[in-house]
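In the numbering used here, the protein residues as written are -12 to 411. The C-beta atom is built at its ideal place from N, Cα and C for all residues, glycine as well.
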């Protein structure tokens, strides 16, 4: 069968996964996660009437006899109170310390208004924060579908929550292969410098995953089988990404190891360049394996093609469709395959970068995104599908109208049952 197109591969990678189960996490650990259950107020906020000023709680119009703080007040009585203090029973207002004066009346201390006190200082409710002023018990404070920030966490704490129910992020392990790869210094002839180890963890995080262990293995079948199987009894990753070994030579063991583990191939090659020999496999226990080609740019294009939609599906996020910008240059046809070309965005135009061979990283380093040029090529001045790169300012959870207004206006939950950003 012919290899799927770039668009078909992205959709397949998204459709093959179901969202991971939600999890309950401590408040401090929930920042950056998507909330799956509404945060409600357990009780009124604030849950008691409190003073908005330093001064005196007063009952009546004064003057007032000073009494012991915290006790109920009778008419004509007052007691010292601090900002945030519990307003005692019977108090009708709080008099600011700047507006009152205390004198010894011979039989005890007496509070009265200063001559220059502002009008209305003793009106009922003055300088009192009533119970329930911010929220009533049962009010929804943070709705499900919200991407949690530190202020949301603080609000949940005020509401009495210790943990929140959030959408779990996929754990992603990396298996690095190649006996010719060196990790430091300048490679000799026949060697190559490792480009995957330093960057994949960051890219995984930017795609919403949790980067886990990085394991380096040689080129033997036994090493492949052990690495993809994972340690027995340990917490296994939801996704494993491998680098290299996706060809079909005698030293490429990806497919054989997957078969030995009882898995099956979901994608075996994509009609695109670079990154054609990308592979996606599923294991019986629900784990996924993404096989990236060994060339650096080819691997990144394969990761954006397969890994990005797969991780989105596992996080219950909507499918990110390609936007369209006007091509700033002609791109020749490449019959039968989509060309993925790093590009820069300038005044609404997409310009192909230079140095974009499968083994090059120079063009990608300065790119804003990549063009998905259809097999028939594209002419300058014509629209071309584009995707931003996750480490650029063009990448965001919600696309602007320049990318996909439809995605930006989806309500939670969307028809596919996946969370969309909340705009409250």
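Query - Runs of beta strand (DSSP E) wholly within the stretch 278 to 315 (minimum 3 residues, chain order) - result: 310 to 314
Report task. Taking all protein chains shown into account, decide if residue 75 is buried (16 or more other Cβ within 10 angstroms of its Cβ) or exposed. Result -> On the chain shown, position 88 is the one that residue 75 refers to. A buried status is given to residue 75, since no fewer than 16 other beta-carbon atoms sit within 10 Å of its beta-carbon.
Query raised in the report: Is it a yes or a no for the stretch 5 to 18 touching the stretch 103 to 118, going by three-plus beta-carbon pairs under 8 Å?
Result: no
Query - Within the stretch 155 to 221, ranges of the beta strand (DSSP E) (whole runs, at least 3 residues) - result: 158 to 163 and 197 to 203
Query raised in the report: Can you tell me where the alpha helix (DSSP H) with residue -6 in it begins and where it stops?
Result: As a first step, residue -6 is located in the chain shown; it is residue number 7 there, counting from the start. Its alpha helix (DSSP H) spans residues -7 to 2.
Requested in this report: For the stretch 292 to 310 and the stretch 151 to 168, state whether three or more C-beta atom pairs, one from each stretch, are separated by less than 8 Å.
Outcome: yes
Query raised in the report: Between which two residues does the beta strand (DSSP E) harbouring residue 252 extend?
Result: Locating residue 252 in the chain shown gives position 265, where the first residue counts as 1. Where residue 252 is concerned, the enclosing beta strand (DSSP E) stretches over 251 to 255.
Query raised in the report: What is the residue span of the alpha helix (DSSP H) that residue 145 lies within?
Result: Within the chain shown, numbered from 1, the residue matching residue 145 stands at position 158. Start and end: 137 to 145.
Report task. Examine the Cβ distances between the stretch 365 to 384 and the stretch 303 to 319 and report whether three or more of them are shorter than 8 Å. Result -> yes
Report task. Leaving out five residues on either side along the sequence, give the residues of the same chain with a beta carbon under 7 Å from the beta carbon of residue 348. Result -> On the chain shown, residue 348 is found 361 positions in, with the first residue counted as 1. Excluding sequence neighbours, residue 348 sits near 182, 283 and 284.
Query - Between the CA atoms of residue 43 and residue 191 - distance to the nearest angstrom - result: On the chain shown, position 204 is the one that residue 191 refers to. On the chain shown, position 56 is the one that residue 43 refers to. Looking at the two C-alpha atoms, the distance is approximately 57 Å.
Query raised in the report: To the nearest angstrom, how far is it from the Cα of residue 175 to the Cα of residue 201?
Result: Against the chain shown, residue 175 aligns to sequence position 188. Against the chain shown, residue 201 aligns to sequence position 214. Approximately 24 Å between the Cα atoms of the pair.
Report task. State the start and end residues of the unbroken beta strand (DSSP E) segment that holds residue 269. Result -> By one-based count along the chain shown, residue 269 stands at place 282. Where residue 269 is concerned, the enclosing beta strand (DSSP E) stretches over 266 to 269.
**Report entry** Minimum C-alpha distance to residue 121 - residue among 29, 162 and 72
**Finding:** As a working mapping, residue 121 is identified with position 134 in the chain shown. The option with the nearest alpha carbon to residue 121 is 29.
Query - Beta-carbon proximity of residue 161 to residue 194, cut-off 7 Å - result: Sequence index remark: in the chain shown, residue 161 carries index 174 (1-based). Sequence index remark: in the chain shown, residue 194 carries index 207 (1-based). Against a cut-off of 7 Å, the Cβ pair of residue 194 and residue 161 comes out as no contact.
Report task. For residue 86, name the three-state secondary structure that DSSP assigns. Result -> Taking the chain shown and counting its residues from 1, one reaches residue 86 at position 99. Here DSSP, grouped into helix, strand and coil, assigns residue 86 to helix.
Report task. Can you grab the Cα-Cα spacing for the pair residue 100 / residue 136, in whole Å? Result -> On the chain shown, residue 100 is found 113 positions in, with the first residue counted as 1. On the chain shown, residue 136 is found 149 positions in, with the first residue counted as 1. Rounded to whole angstroms, the separation of the alpha carbons of residue 136 and residue 100 is 45 Å.
Query raised in the report: Per DSSP, what kind of secondary structure is residue 260 in: helix, strand or coil?
Result: In the chain shown, the residue the question calls residue 260 occupies position 273. Residue 260 falls in the strand class under three-state DSSP.
Report task. Could you check the C-alpha separation between residue 475 and residue 131 for me, to the nearest Å? Result -> Because the chain is modelled from -12 through 411, residue 475 falls outside the range shown and cannot be assessed.
Query raised in the report: Between the stretch 250 to 269 and the stretch 323 to 332, are three or more C-beta pairs nearer than 8 Å?
Result: yes
Report task. Compute every distance between the C-beta of residue 243 and the non-hydrogen atoms of the ligand FAD, then say whether any falls below 6 Å. Result -> The ligand content of the structure shown is nil, which means the ligand FAD is not present either.
Query raised in the report: Does residue 358 come within less than 7 Å of chain C when only Cβ atoms are used?
Result: Looking for chain C here will not work: only one protein chain is present.
Query raised in the report: So what does DSSP say about residue 350, is it helix, strand or coil?
Result: Here the question's residue 350 lines up with position 363 in the chain shown. Of the three classes helix, strand and coil, the one that applies to residue 350 here is helix, per DSSP.
Report task. Pick out whichever of 140, 230, 275 and 150 has its Cα sitting closest to the Cα of residue 168. Result -> Walking along the chain shown from the start, residue 168 turns up at place 181. Of the listed residues, the one whose Cα sits closest to residue 168 is 230.
Query raised in the report: Should residue 150 go down as buried or exposed, given a rule of 16 or more other Cβ atoms within 10 Å for buried?
Result: Walking along the chain shown from the start, residue 150 turns up at place 163. Its Cβ having fewer than 16 others within 10 Å, residue 150 is exposed.
Query raised in the report: Under a three-way DSSP split, which group does residue 245 fall into?
Result: Translated into positions along the chain shown, residue 245 becomes position 258. In the structure shown, residue 245 sits in a helix (DSSP, three-state: H, G or I).
**Report entry** Opening and closing residue of the beta strand (DSSP E) in which residue 226 lies
**Finding:** Numbered from its first residue, the chain shown carries residue 226 at position 239. That run of the beta strand (DSSP E) goes 226 to 230.
Query - First and last residue of the uninterrupted beta strand (DSSP E) at residue 43 - result: Sequence index remark: in the chain shown, residue 43 carries index 56 (1-based). Judged by DSSP secondary structure, residue 43 falls within the beta strand (DSSP E) whose first and last residues are 42 to 45.
Requested in this report: Can you give me the Cβ contacts of residue 245 inside the same chain, cut-off strictly under 8 Å, excluding the 5 residues immediately before and after it?
Outcome: In the chain shown, the residue the question calls residue 245 occupies position 258. For residue 245, where only same-chain residues beyond five positions count, the Cβ hits under 8 Å are 215, 251, 252, 268, 270 and 276.
Query raised in the report: According to the Cβ coordinates, are residue 134 and residue 21 closer than 7 Å?
Result: For the purposes of this step, residue 134 is taken as residue 147 along the chain shown, with counting starting at 1. For the purposes of this step, residue 21 is taken as residue 34 along the chain shown, with counting starting at 1. Yes.
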